[in-house]
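Okay, so here's the structure we're looking at.
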Amino acid sequence: MAREPQYDVIVVGGGNAALNAAMSARHHAERVLLLERAPAWMRGGNSRHTRDIRAAHDGIPRYTTGTYPVEEFLDDLVRVGGGRDDMALARLVVRESRTLFQWMSDHGVRWQPALKGTLHLSRTNLFFLGGGKALVNAYYQTAERMGIEVRYEACVDELLLAGSRVEGVVVKTDGGRETLRARAVVLASGGFEANIGWLKEYWGEAAENYVIRGTPYNDGLILRLLIDYGAAVVGDPRGFHGVALDARAPKFDGGIVTRLDSVPFGIAVNQHCQRFYDEGEDFWPKRYAIWGGLIARQPGQIAYSIFDARMLDKFITSLYRPYEAPTIRELAVQLGLDPEALHTTVETYNRHASRTGTFNPAILDDCATTGLTPPKSHWAVPIEVPPFYAYPLRTGVTFTYMGLRVDERTRVQMKSGPPMENLFAAGEIMSGNILSSGYLAGFGLTIGTVFGRIAGREAARYGRG
């Protein structure tokens, strides 16, 4: 007689997607285990560094400044390059996002109005009180009350796979290796962005210059195990959610406080003092995530955000103070750039910048450059009021897009043969089904919450035996 599994559902991971999967499963199954690879004080993966979630809604008093219809949300997603691989899943996540406010509230999350300086997010995004760490803590407290077992510093380094089924996992801890059997398993262990060696397979030596914004534990171990087993993958292997962040940030786990939102308020130049993209192409929450990839393609994977005194209070500043100087040439010296080259670039930009438009960062204003390549489509006012400021920029990788292909039940798909019957995936490890190039602010948590809930519910169907 086969031995009874110790658990109905095992969830691999400890962040937002994993927690939602565990809580969702526990609503339908008795014995739910969550395995968090990090120690307790670092629990939560990349979710610790979040602050808001994007959701369609009809208006939520106190917390939003208008409505955000499903149709607009989906259009925004498609405009930034989402849904290319699976529009059915894109529609699913957008449609289900309407229920997130109530679900999250019911599971311990508290809310606050949009933060000052978070342009264009007060209508589309919901901000949780206390940021990502409070979100994670609230979910862990709820999980404990629900009777979900949690183990920390538990690294899953083997999946017990048999044909189209999973029978459990092997966990490595300080005490050795332990086999844990389950009726169903949910994989919510993130991407492979913290694995520099893996990134170098696609980006070469440039990857050595990337900064990893979140947890150092997302090394793609589970993803690699499934790929080797024959799982179908989806998403560009070079694709990632990457932003411009302060080049002085730590290599790992710097989080959102190192992100820079100054680019639309001036110009961005590479180490040769050349502009390389339209800094005012669209609203920042829709375009900020392209800048990680843009900087990754610049010499030395570094760039510089240059702006003047009028713009210093227009955005949430970085953890680090900007460089400051009375002239552009002196600013260049501080940055280690060619003073004449930077002065020439700024002067050229100033000659083509708008002097008749009305600067308004709340809208796509009429301040555009004329006759300049690349153009600056909006918010293009001269950089001429001292003191002058600059931030050094690096590529900050949040998470990778290549991951496991899943269906609408979040079942892991195989390159050949039927999908896995009782193996599910949620969060960053399957984000490539929906994201391919761009990103929308707060959308990673949307993916994790929606598909975490689905994965937990579907896993519990098997968990009930």
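Note that the sequence shown covers residues 1 to 465 in my numbering. Note that CB positions come from ideal geometry on N, CA and C, so glycine has one too. Note that the structure is a prediction, hence the values are computed from the model and not measured.
Between L445 and P285 the beta-carbon gap is near 14 Å, outside 8 Å, which marks them as no contact.
Contact fails between the segment 56-75 and the segment 263-278, because fewer than three Cβ pairs, one in each stretch, are under 8 Å apart. Taking the Cα positions, A21 is about 14 Å away from N422. Between T327 and C273, the CB-CB gap reaches or exceeds 7 Å.
Within its own chain, the residues whose Cβ lies closer than 6 Å to the Cβ of E149, once the five positions on either side in sequence are excluded, are L33, listed in chain order. Here DSSP, grouped into helix, strand and coil, assigns M104 to helix.
If the five residues before and after V12 are omitted, its C-beta is found closer than 8 Å to the C-beta atoms of A18, L35, V156, V169, V185, V186, L187, A188, S189 and I222, all from its own chain and listed in chain order.
By a beta-carbon distance limit of 8 Å, R51 contacts F127. Their separation comes to about 6 Å. Within the DSSP bridge table, the entry for C155 names K172 as partners. In this chain, the alpha helix (DSSP H) harbouring H343 covers P339 to H352. The residue from A353, Y229, L337 and W379 with its alpha-carbon nearest to that of L159 is Y229.
Membership of A25 in the alpha helix (DSSP H) is indicated by the continuous run N16 to R26.
Beyond the five residues adjoining it in sequence on each side, H241 comes within less than 6 Å, by CB distance, of A289, T398, F399 and Y439 in the same chain, given in chain order. Minimum Cα-Cα distance from I196 among the listed residues G45, T179, T215 and R183 corresponds to T215. Cα atoms of R321 and D366: separation of roughly 30 Å, rounded to the nearest angstrom. The segment 290-308 makes contact with the segment 236-252; the number of CB pairs closer than 8 Å reaches 3 or more. Residue pairing from DSSP places Y68 in a beta bridge opposite H57.
In this model, V136 and Q112 are separated by some 16 Å (Cα to Cα).
Counting C-beta atoms within 10 angstroms of its own C-beta, A29 has 16 or more neighbours from the protein chains shown and is therefore classed as buried. Here H352 has T369, T370, G371 and L372 as same chain residues with Cβ atoms under 7 Å from its own Cβ, once five neighbours each way along the sequence are excluded. Annotation for T370: no alpha helix (DSSP H) segment contains it, and DSSP assigns it neither H nor E. Straight-line spacing of the CA atoms in N350 and A38 works out to 49 Å. CA-to-CA, the gap between D85 and N433 works out to about 6 Å.
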